[in-house]
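In what follows, a single structure is set out as structure tokens and then discussed.
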Amino acid sequence: AGIERKLAEQLRQSGAQAIRPDEFRMLRRTVEQATQMLEALSKQDSVRNSLKDELLAELAALNDLWREEYKLIQAELEKVNSSRSSLEIKAEFKGDKSAFVAFMKDTFRGSRLREATFSALAEAFSDFGAMYRDFDNAKEKVGASAPTFEQYFTDNLAALLTWQVPNRFVIEYRGKELKHHSLGQRASALILFVLSQQENDVFIIDQPEDDLDNQTIYEDVIKLIRTLKPKTQFMFATHNANFPVLGDAEQIISCLYSDDSIQVKSGSIDCPELQQEIVDIMEGGEEAFQQRKRRYEIWKSRNS
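What the sequence shown shows, in my numbering, is residues 3 to 306, in sequence order.
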């Protein structure tokens, strides 16, 4: 006891505080518990980082699958674009920003985030996976509403990360986007698209001239048909002479309904009787045909 009092006095004189053995043991247990908690937290951080790395790897794999799908689509579009028609379809991977913004508006409904914020995010990131990889930057773009954004993002994490931003497709006809064309021109583009599907070996089209003008019929449709004829069979029900004559029809069938009976004539384009049928039915008769021919020659001589 005397030694303990002497030691306590020396500690007091040196400015140190004496600790009773029981207090020391309590403090030691506290330090050990704190050390164990820090080790547990460190392990949790390690596990969390490992899981995040695995998630990022899976997101990269999912993105690769989406890109492979896009490449398959591109390959099919190349078949259309290589048909040398006036139709061209352009594609952009994950390019449908309108759909991207619309999905964000629906998912973040009630968050009071503005549409301008969603538009800014859609322009800055290709999809939600890209946002997740650079989440600090995403929150920075949201600004003061970042905590709300983070909460909604976390609550809907699975749905957001697996949602595929649609690819964007633009159909151009004669160098102009299809939506800026008339209904008739859109019909022309549709026929060209159908005809360009080269894996089909038979086409049956009823009265295509209903939606096409004669210039389009010749410049786009007839020229494409002549290119595809060696591998594809075409059957047209038509009153337009351009198809059998300029399309160089292999077989012509002329039908006449009279007195409750149907009269059928058939033959090649070289058959004189079928040639006369074309002139009579499709050109309005020999006289009408000759009249137009004479007028065209007069116009040509005046303008030459």
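Think of the CB as a built atom: it goes at the ideal place given N, C-alpha and C, for glycine as much as any other residue.
Please classify residue i as buried or exposed, where buried requires at least 16 neighbouring CB atoms within 10 angstroms.
i           : result
residue 242 : buried
residue 218 : buried
residue 206 : exposed
residue 131 : buried
residue 85  : buried
residue 245 : buried
residue 133 : buried
residue 300 : exposed
residue 279 : buried
How far does the alpha helix (DSSP H) with residue i in it extend, from its first residue to its last?
i           : result
residue 258 : Counting along the chain, residue 258 falls outside any alpha helix (DSSP H), though it belongs to the beta strand (DSSP E) covering 254-260.
residue 291 : 288-305
residue 121 : 117-126
residue 220 : Premise fails: residue 220 is in no alpha helix (DSSP H) and is neither H nor E.
residue 155 : 148-157
residue 281 : Careful: residue 281 lies outside any alpha helix (DSSP H) and carries neither H nor E.
residue 135 : 130-135
According to DSSP, is residue i part of a helix, a strand, or is it coil?
i           : result
residue 271 : coil
residue 89  : strand
residue 167 : coil
residue 96  : coil
residue 143 : helix
residue 52  : helix
residue 201 : coil
residue 78  : helix
residue 225 : helix
residue 231 : coil
residue 174 : strand
residue 179 : strand
Looking at the unbroken beta strand (DSSP E) that takes in residue i, where does it start and where does it end?
i           : result
residue 194 : Looking at the DSSP string, residue 194 is not in any beta strand (DSSP E); the run it does join, the alpha helix (DSSP H), is 185-197.
residue 235 : 235-239
residue 207 : 204-208
Could you check if residue i belongs to the surroundings of the ligand SAM, using beta carbon to heavy atom distance under 6 Å?
i           : result
residue 285 : Inclusion of the ligand SAM in the displayed structure is not the case, the ligand content being empty and no account of it being possible.
Using CA atoms only, rank isn't needed, just tell me which of the options is closest to residue i.
i           : options               : result
residue 147 : 117, 176, 126 and 168 : 117
residue 224 : 254, 190, 256 and 203 : 190
residue 174 : 138, 87 and 295       : 87
residue 254 : 204, 166, 233 and 277 : 277
residue 211 : 297, 284 and 51       : 284
residue 163 : 290, 270 and 64       : 64
residue 228 : 214, 251 and 208      : 251
residue 185 : 305, 170 and 213      : 213
residue 90  : 203, 248 and 176      : 176
residue 208 : 216, 193 and 36       : 193
residue 100 : 136, 167, 37 and 34   : 167
residue 318 : 61, 68, 165 and 170   : This structure leaves residue 318 out entirely; the chain is present only between 3 and 306.
residue 256 : 104, 267 and 234      : 267
Taking only beta-carbon positions, decide if residue i is within less than 7 Å of chain C.
i           : result
residue 160 : Although the question refers to chain C, the structure presented lacks it and comprises just one protein chain.
Review point. Hey, is the segment 75-95 in contact with the segment 109-116, meaning 3+ C-beta pairs nearer than 8 Å?
Key: With a cut-off of 8 Å on Cβ pairs, the segment 75-95 is not in contact with the segment 109-116, counting fewer than three such pairs.
Review point. Does the segment 53-68 come close enough to the segment 196-206 to have 3 or more Cβ pairs within less than 8 Å?
Key: Contact between the segment 53-68 and the segment 196-206 is absent, because fewer than three Cβ pairs lie under 8 Å.
Practice item. Count the C-beta pairs between the segment 253-260 and the segment 122-129 that are closer than 8 Å, then say yes if the count reaches three, no if not. Key: Below 8 Å, too few C-beta pairs join the segment 253-260 and the segment 122-129 to call them touching: fewer than three.
Check your understanding: For the 8 Å Cβ check, are there 3 or more pairs between the segment 145-162 and the segment 175-182?
Key -> No, the segment 145-162 is not in contact with the segment 175-182.
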